[in-house]
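S.K.: First the structure, then my questions, so here it is.
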Amino acid sequence: MAVAYILLGLLTVAYLLYLHFTRTFNYWRDRNVPGPAPVPLFGNMMESALRRTHAAFVMQKIYQDFPNEKVVGIYRMASPCLLIRDPDIVKHVLIKDFDNFVDRGIRFNNKKMGNNIFHADAKTWRILRTKFTPIFTSGKLKNMVYLMNQSSDKVMRHLEELVQIQPEQEVYELMGNFTMGFISACAFGLDLDPTEKSATIEALKNINEKLLGLSHAYELILLYPGFAKFGVSVFPDELVDFFKGLVAQVTAARNGLPTNRNDFMDLLLEMKQANKVQGSKRLEGKDAEILEITEDLIVAQAFVIYAGGYETSATTMSYMLYHLALNPEIQERLAAEIKEVLDRYGGEITYEALKDLTYCDRVFHETLRLHTVGDSILRVAAEDYKVPGTDVTLKKGLTAVIPNIAFHYDEKYWPDPLKFDPDRFSPENVAKRHPAVYLPFGIGPRNCIGARFAKLEIRLMVAKLLSRFRVEPTGNTRREFR
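Using the numbering used here, you'd call the opening residue of the sequence shown number 99 and step up by one each time.
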């Protein structure tokens, strides 16, 4: 009898869980919005939740399965979301109607770096964006080229020694040496040689491994947004402690005061001194918003700047070299441009010289089209929103999902989409294409704040490398990249 009661209890719990996780599964059908059938517990994200594929590829598959629709109704766990397939609607959400879609709807524990500028709520983001934008002006970037040259020269000397011993090298670690040096110097004022063994370098490399391991926990939050209510953090304590220590170290070196470096840490120190920061824009007749500057907030910004400047750029550069190795004619065309430009500038890699590497820019953008770093773009509706060109209303609090990778591989916009063709980004081809089908950095006010820095460091790395070396595939190089 006891066993029967236990079984009955388990069945009751299972049934209640089933009801809970399927309670919204008629939401889109009741509103005549097409979409794939959801699965209890997972919604439409089972393949991603079980680690069979990346969430971005799940969204791409859904995008491809509904070729005639402008929007598709989907579910993250039990949460209804609207997948956007139409670039005109994308442009509305990210630009024209941005004030209704400021929030990404990604909530992490604010005491564990969750309140960074990338994940911050609308209020916090508005204020931080205003303060951070001046870091990436042309004048500031121009000053950074000197620091990048110094740092990359150390890596190049190490690389020249390495290839004498073993010409076959794994490029990701090498590119990570470049980007670690760049972001350490330009953001934190650290003069490091990433090729040497030191306590600081080893600590940074350990942290870099932690950054690469964040994707599993991050996707879990994306799949099950409700977990955020429990103060879940995707950032392990070791990562949080490291960036707290880094901020404390740099702050102590500067005596707690801004210097004349005008770098990222100076900005954080200025904010810390002020204690509170006021937004520059009044909304709906209200007073400008005030943001209290806490240690947790400072550490969160340090983390996101380092993560964005190091890992994403190293990954992009690695893919770029991969495609150059497989396409020697493109590599030679790029090398010729680098030689011509550097000859014009007396062999010096200056900010102006890097701006003139226009074919390099095409190669960079084509690499990002094929290898977009990150997940789909998410935006939460602040108010009910009638989706332009449809009969669908996205209710307040629901999420619009913009599957950037799906757009990047859609042959409607990119003929022969698997082909690596930098000339897709020639001025004439860009002018003919809808602006909202290329989204590696997003578009609109909440696009990637570090995009200009990323372009600059990639151009400098390529100029350094191809002015001295050529890259070739080896017997271990995969010819198919997806």
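Virtual Cβ for every residue (Gly too), placed ideally from N, Cα, C.
Predicted model, so just to flag it, every value in this text is computed and none were measured.
Does DSSP put Cys284 in a helix, in a strand, or in coil?
M.R.: helix
S.K.: Where in the stretch 147-224 do unbroken runs of the beta strand (DSSP E), each at least 3 residues long, occur, reported from the N-terminal end onward?
M.R.: 169-174, 177-182
S.K.: Based on DSSP bridge pairs, tell me the residues matched to Thr491.
M.R.: Lys484
S.K.: Below 8 Å on the Cβ atoms is my guess for Arg460 versus Asp521; work out the distance and round it to an integer in Å.
M.R.: 6 Å
S.K.: Looking only at C-alpha atoms, which of Pro533, Asp489, Lys530, Gly472 sits nearest to Ile503?
M.R.: Gly472
S.K.: How would you write the range of the alpha helix (DSSP H) that Arg557 sits in, first residue to last?
M.R.: From DSSP, the alpha helix (DSSP H) with Arg557 extends over 549-564.
S.K.: Rounded to a whole number of angstroms, what is the C-alpha to C-alpha distance between Arg477 and Asp394?
M.R.: Distance from the CA atom of Arg477 to the CA atom of Asp394, rounded to whole angstroms, is 25 Å.
S.K.: So, using beta-carbon positions, are Glu427 and Phe523 closer together than 8 Å?
M.R.: no
S.K.: DSSP on Arg380, reduced to helix/strand/coil?
M.R.: With a pLDDT of 49 at Arg380, under the threshold of 50, the predicted position of this residue should be treated as unreliable, though the coordinate-derived value follows. Arg380 falls in the coil class under three-state DSSP.
S.K.: In the DSSP assignment, the beta strand (DSSP E) including Glu390 goes from what residue to what residue?
M.R.: 388-390
S.K.: Just list the beta strand (DSSP E) runs in the stretch 432-481, keeping only unbroken ones of 3 residues or longer that don't cross its boundaries, in chain order.
M.R.: 475-478
S.K.: If we count the other Cβ atoms within 10 Å of its Cβ and call it buried at 16 or more, is Asp201 buried or exposed?
M.R.: buried
S.K.: Beta-carbon within less than 6 Å of Lys189's beta-carbon, same chain only, minus the 5 sequence neighbours each way: which residues are those?
M.R.: Cβ neighbours of Lys189 beyond the five flanking positions: Ala534.
S.K.: Which class does Thr497 belong to by DSSP, given the choice of helix, strand or coil?
M.R.: strand
S.K.: Pro571 and Ala423 - do their beta-carbons sit closer together than 8 Å?
M.R.: Pro571 sits close to Ala423, with the two beta carbons spaced by under 8 Å.
S.K.: Would you please state the rounded distance, in angstroms, between the beta carbons of Lys142 and Tyr173? I believe it to be under 8 Å.
M.R.: The residue asked about is misnamed: residue 142 is Asn in this sequence, not Lys. Indeed they touch by this definition, with Cβ atoms about 5 Å apart.
S.K.: Which same chain residues, not among the five before or five after Ser425, have their C-beta less than 7 Å away from its C-beta?
M.R.: A small fix is needed here, since residue 425 is Asn in this sequence, not Ser. The answer, listed in chain order, is Phe518.
S.K.: Measure the C-alpha to C-alpha separation of Val169 and Arg544 and round it to an integer number of angstroms.
M.R.: 22 Å
S.K.: Leu181 and Met157 - do their beta-carbons sit closer together than 8 Å?
M.R.: In this structure, Leu181 lies closer than 8 Å to Met157 by Cβ.
S.K.: Since Ala283 and Asp291 should fall inside the 8 Å C-beta cutoff, what is the C-beta to C-beta distance between them, to a whole number of angstroms?
M.R.: Contact flag wrong, Cβ pair sits at about 11 Å.
S.K.: For Ala220, collect the residues of the same chain with a Cβ closer than 6 Å to its Cβ; drop the 5 residues on either side in sequence, then sort them by chain order.
M.R.: Val200, Asp201
S.K.: Please report how far the alpha carbon of Leu554 lies from the alpha carbon of Thr122, in whole angstroms.
M.R.: Distance between the alpha carbons of Leu554 and Thr122: 46 Å.
S.K.: Between the Cα of Ile475 and the Cα atoms of Asn166, Leu564, Tyr536, which residue gives the shortest distance?
M.R.: Taking each of Asn166, Leu564, Tyr536 in turn and checking the Cα distance to Ile475, the smallest one comes out for Tyr536.
S.K.: Among the residues of its own chain, which have a CB less than 6 Å from the CB of Met242, if the five just before and after it don't count?
M.R.: Cys284
S.K.: Closer than 6 Å by C-beta to Leu367: which residues in its own chain qualify, once you throw out the five before and the five after it? Chain order, please.
M.R.: Pro356
S.K.: Assign Leu564 to buried or exposed, taking buried as 16 or more other Cβ atoms, counted over all protein chains shown, within 10 Å of its Cβ.
M.R.: It is buried - the Cβ of Leu564 has at least 16 other Cβ atoms within 10 Å.
S.K.: Just confirm the distance between the C-beta atoms of Phe276 and Val253, as a whole number of angstroms; I'd bet it's less than 8 Å.
M.R.: 5 Å
S.K.: Quick check: Lys374 and Ile396, are their CB atoms within less than 8 Å of each other?
M.R.: no
S.K.: Taking the C-alpha atoms as reference points, what is the distance between Thr151 and Asp335?
M.R.: CA-CA distance, Thr151 to Asp335, rounds to 27 Å.
S.K.: Count the other CB atoms within 10 Å of the CB of Asp361; is the residue buried (16 or more) or exposed (fewer)?
M.R.: buried
S.K.: Among residues of its own chain, excluding the 5 on either side of Val191, which ones have a beta-carbon nearer than 6 Å to its beta-carbon?
M.R.: Phe199, Arg477, Ala498
S.K.: Could you tell me the boundaries of the alpha helix (DSSP H) in which His421 lies?
M.R.: 411-424
S.K.: With DSSP as the reference, label Lys374 as helix, strand or coil.
M.R.: strand
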